[in-house]
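Anchor point for the sequence shown: position 46 equals 68 in the numbering used here, and the numbering is continuous, going up by one each time.
Even for Gly, the Cβ is constructed at its ideal location relative to N, Cα and C.
The structure appears below as structure tokens.
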Amino acid sequence: MLRSSVEEPHRATRGYRVRMSTIATMPVALVHGWAGSFASTWEAPGVSALLKDIGRNPLGIDLLGHGTADKPHDPEAYGHLHEWLLDRLPEESVDIVGFSLGALTTLRALVAAPSRFRKVVLAGIGDGVFETTTHDMARRIVQAIEGDVTDDATALLFRQYAHQPGNDPVALAAVMKRPQSEPVTAEMLGVIHNEVVVCIGDKDFAAPAERLANAFPNGRLVVLKNTDHFATPNAFSFIDAMLDFFNN
23 MLRSSVEEPH
33 RATRGYRVRM
43 STIATMPVAL
53 VHGWAGSFAS
63 TWEAPGVSAL
73 LKDIGRNPLG
83 IDLLGHGTAD
93 KPHDPEAYGH
103 LHEWLLDRLP
113 EESVDIVGFS
123 LGALTTLRAL
133 VAAPSRFRKV
143 VLAGIGDGVF
153 ETTTHDMARR
163 IVQAIEGDVT
173 DDATALLFRQ
183 YAHQPGNDPV
193 ALAAVMKRPQ
203 SEPVTAEMLG
213 VIHNEVVVCI
223 GDKDFAAPAE
233 RLANAFPNGR
243 LVVLKNTDHF
253 ATPNAFSFID
263 AMLDFFNN
């Protein structure tokens, strides 16, 4: 069982050696969060380049409604994002990194088809995946995108992301309005034997994540110090943990 909680300090990523083996040719799928894209979340900050530096082949995925993917305005189109993701992955199993919405989508894909994956990194999600909620936060975000909320700082921040150049705010609101799936359960995760690292910032609104990490037989939790939700993909502590995981 790999169930220890590790607090990782911020430190620069340096000195990774490429392991000259078949591992060096294995793809790593990178799945962004809501209102992000492969280009903005993983490519522009240099994360995909760092994976190349350790001999891995980054595979960029733009989720439906984001980036270069189609952007339907019907919430029903987003009801099975995990199936959409599985349809776009290679037939052979891959390592994968998911952040926020990308991590939720990856988690559901892992539950549905664990053999499609090898190592898995889930970032920016926590124990809330086990909960049935009223989705008040999603409702407030939609209201903010549509201009109806002015006093919710978090919702207003989401609105700023929705209106970034290249984004379609109507499509992103539809993602938030998508039909809600049933929560995952510890029993579902307890039969998944992939190695899984759950990374969560100690200032992330999705924290804590101990139950999520411990539900996997081969799960491990990495707590990112002084890191909030939105800073996670670019945090040195997250990048170091990810590279260490894939380079071993």
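- By the Cβ-count criterion, H215 is exposed, with fewer than 16 other Cβ atoms from all chains shown falling within 10 Å of its own Cβ.
- Here DSSP, grouped into helix, strand and coil, assigns P49 to strand.
- The continuous stretches of beta strand (DSSP E) do not include G77, and DSSP gives it neither H nor E.
- The criterion of a C-beta distance shorter than 8 Å is satisfied by A145 and F260.
- Rounded to whole angstroms, the separation of the alpha carbons of S137 and L72 is 26 Å.
- Judged by DSSP secondary structure, I222 falls within the beta strand (DSSP E) whose first and last residues are V218 to G223.
- In this structure, the CA atom of S70 is about 6 Å from the CA atom of W64.
- For H157, the closest C-alpha among the options D170, S203, I83 and L178 is that of S203.
- Note: G120 is bridge-paired with V53 and L144 in the DSSP secondary-structure output.
- For V244, the uninterrupted beta strand (DSSP E) segment begins and ends at G241 to L246.
- A distance below 7 Å between beta-carbons, with the five flanking residues on each side excluded, links D92 to the following residues of its chain, in chain order: L86.
- The C-alpha of A61 is placed about 24 Å away from the C-alpha of P97.
- Annotation for L194: the continuous alpha helix (DSSP H) segment containing it runs P191 to M198.
- The three-state reading of DSSP puts G169 in coil, since its state is none of H, G, I, E or B.
- In the structure shown, the three-state DSSP call for G188 is coil.
- Taking every protein chain shown into account, the CB of N189 has 16 or more other CB atoms within 10 angstroms, so this residue is buried.
- Counting only the Cα atoms, T127 lies some 16 Å from A196.
- The secondary-structure analysis by DSSP pairs I83 across a beta bridge with V53.
- The C-beta of N248 has fewer than 16 other C-beta atoms within 10 Å across all chains shown, which makes the residue exposed.
- Distance from the CA atom of P112 to the CA atom of A51, rounded to whole angstroms, is 9 Å.
- Between the C-alpha atoms of P191 and L108 there is a straight-line separation of about 25 Å.
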